[in-house]
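Before any comments, here is the structure.
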Amino acid sequence: MHLFTELTESPPEPRVSSKIAHFQKGTGGRASFSGQVVTVFGSTGFLGLPVVNRLAKRGVQLIIPYRSDPYWVREHKVIGELGQILFFPFQLKDEDSIRKAIKYSNVVVNLIGSRFETKNFSFEEVHVNGARRLARLSKEMGVERFIHVSALNADKNPEPKMLRKGSQILRTKALGEEAVREEFPEATIIRPSVMFGESDYFIENYVNRFRKNPLDLVWVYKAGEQTYKSPVMVNDVALGIAKAVTDPLAAGKTYEFTGPHCYKFSELMDYMYKKAHCLEEFGFKYRRHGYYDPLFRLYVRGCELWTKFWKSPAPLSWEWIEFVECTNDVLTGAQTFEDIGVRRLTEFEFMGGQLAKNKTFYPFYEERWHDLDPPPLPLRSPILYSSKPKRSDSIKVETKSFAVSGV
């Protein structure tokens, strides 16, 4: 009887750690478990969905904290197997909700950022205090890796151009990096340049009716002749972040993610508008200028009032103009795409031109092969450095070759 009792009684459950992130299962892919549990803050933004998709493809179990309506996270549900994508409501100022979101994670990714200020969330509250809070709580909860996305050209004392105090986005992003380093010294800092992609804040903000007035005049700071940018595809940045999550050697490093080429801003504007069929053949008199434009200033002021009172982003703001049009993309010699293993980048001439073409100003025209001569490609400029690069190989990125003439 005693032996029967011993055989029928279930053995005691083994004592295991709450960190389930070290138990791998499967052969790899979305239906497997890679052994990592990652919490991605800010996943409902422009960069969030590509990052979550890249991580889910590697079999990572993902915790998606959100503070918006669940409607905004519906796309995240289908990119992973059942049980691999978990959602949790949180508030950036509520530490208890943050602790619950990172309780079982071994990696935390912070993508939270803002292009405009609201009554409850200023740039400093989002980029500095919020980043510090996430880094501090991650350290307290025993998180192994913390990845923080900042911005290229982040500077505590930005040079003012249009705004009296300069770009507050760049200033608070720099302060946020310092705050993260103080709370989580081995954190990985990623500084992407201005990103383009589907439903972005670059192409769609410039190729639209707000930027072009009824006289087809397009205002750009200094006509775009004094600003140099290296736009990067959002999918490339997402791939770099995914590699940083899985690469232990990325801990404690700072990466600057830029596109494969640098362009004068005027070249980018002309190319995008010509791809959008803003041509004389269709009755458009596209002219780019940098003079005083009262109508454009009225547009900007109206958009800022809309953002202030309705709490929704508008296509124009002086802060975004200062951040993009008035700031050159300057590399400091930090780690780049090549150092993290991303060597094939998307050229703006290919994907940027296609996205600008989708924003056509002549929607009733369906362009066919050889109907119009392809616009001249934007001229490439030398990459700008704040000082001599730390590595002798500079930036040598193997770019993907595309036939852009027929795009």
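In the UniProt record's numbering, the protein residues as written are 1 to 407.
Using N, Cα and C, we set each Cβ at its ideal position, and we do this for glycine too.
Quick caveat: nothing in here was measured; it's all calculated off a predicted structure.
Bounds of the alpha helix (DSSP H) holding residue 301 are 294 to 310. Inter-residue distance for residue 261 and residue 251 is about 27 Å (C-alpha atoms, whole angstroms). Here residue 47 is not bridged, per DSSP, to any residue. It is roughly 14 Å from the alpha-carbon of residue 46 to the alpha-carbon of residue 68. With respect to the 8 Å criterion, residue 375 and residue 271 are classified as neighbours on the basis of their beta carbons. Separation of the CB atoms of residue 86 and residue 63 is rounded to 5 Å, and the pair is thereby assigned contact status at 8 Å. Going by DSSP, residue 318 is part of the alpha helix (DSSP H) stretching over 318 to 324. According to the DSSP assignment, residue 109 belongs to the beta strand (DSSP E) that extends over 107 to 110. Taking all protein chains in view, the Cβ of residue 370 is surrounded by fewer than 16 other Cβ atoms within 10 Å, so the residue is classified as exposed. Ranked by Cα distance from residue 114, the first of 95, 231 and 42 is 42. For residue 146, the secondary structure class from DSSP, reduced to helix, strand or coil, is strand. Membership of residue 337 in the alpha helix (DSSP H) is indicated by the continuous run 337 to 340. Excluding its 5 nearest sequence neighbours in each direction, residue 196 has C-beta neighbours in its own chain below 8 Å: 202, 203, 231, 232, 233, 234, 348, 351, 352 and 355, listed in chain order. Apart from the 5 residues on each side of it in sequence, residue 138 sits with its Cβ closer than 7 Å to the Cβ of 102, 108, 146 and 184 in its chain, given in chain order.
Contact check for residue 190 against residue 241 passes: the beta carbons are separated by less than 8 Å. Scanning the segment 22 to 107 from its first residue to its last, the whole beta strand (DSSP E) runs of 3-plus residues come out as 37 to 41, 61 to 66 and 85 to 89. If you keep only unbroken alpha helix (DSSP H) runs of at least 4 residues inside the segment 167 to 247, you get 168 to 183, 203 to 206 and 234 to 246. Counted as a single uninterrupted DSSP element, the stretch harbouring residue 348 is not any beta strand (DSSP E), since DSSP gives it neither H nor E.
For residue 346 against residue 236, the beta-carbon gap comes to about 6 Å, under 8 Å, which counts as contact.
In the displayed model, residue 256 falls within a strand according to three-state DSSP.
For the pair residue 216 and residue 284, the CB atoms are nearer than the 8 Å cut-off. Taking C-beta separations shorter than 6 Å and ignoring five residues to either side along the sequence, the partners of residue 219 in its chain run 293 and 296, following chain order. With 16 or more other Cβ atoms inside 10 Å of its own Cβ, residue 130 counts as buried.
Nearest to residue 226 by alpha-carbon distance, out of 255, 269 and 257, is 269. In this structure, residue 254 places its C-beta atom within 8 Å of the C-beta atom of residue 334. By the Cβ-count criterion, residue 31 is exposed, with fewer than 16 other Cβ atoms from all chains shown falling within 10 Å of its own Cβ. Residue pairing from DSSP places residue 262 in a beta bridge opposite 381. When C-alpha distances from residue 174 are compared across 133, 128 and 326, the shortest belongs to 128. Excluding sequence positions up to five before and after residue 210, its CB lies within less than 6 Å of the CB of 299, 315 and 316, all in the same chain and listed in chain order. About 6 Å separates the CB atoms of residue 152 and residue 329; that is less than 8 Å, so the two are in contact. In the DSSP annotation of this structure, the continuous segment of the beta strand (DSSP E) that includes residue 287 starts and ends at 287 to 289. Ranked by Cα distance from residue 267, the first of 244, 246 and 223 is 223. With fewer than 16 other Cβ atoms inside 10 Å of its own Cβ, residue 78 counts as exposed. In the displayed model, residue 331 falls within a strand according to three-state DSSP. When C-alpha distances from residue 141 are compared across 322, 100, 70 and 248, the shortest belongs to 100. Remark: C-beta atoms of residue 81 and residue 49 do not approach each other more closely than 8 Å.
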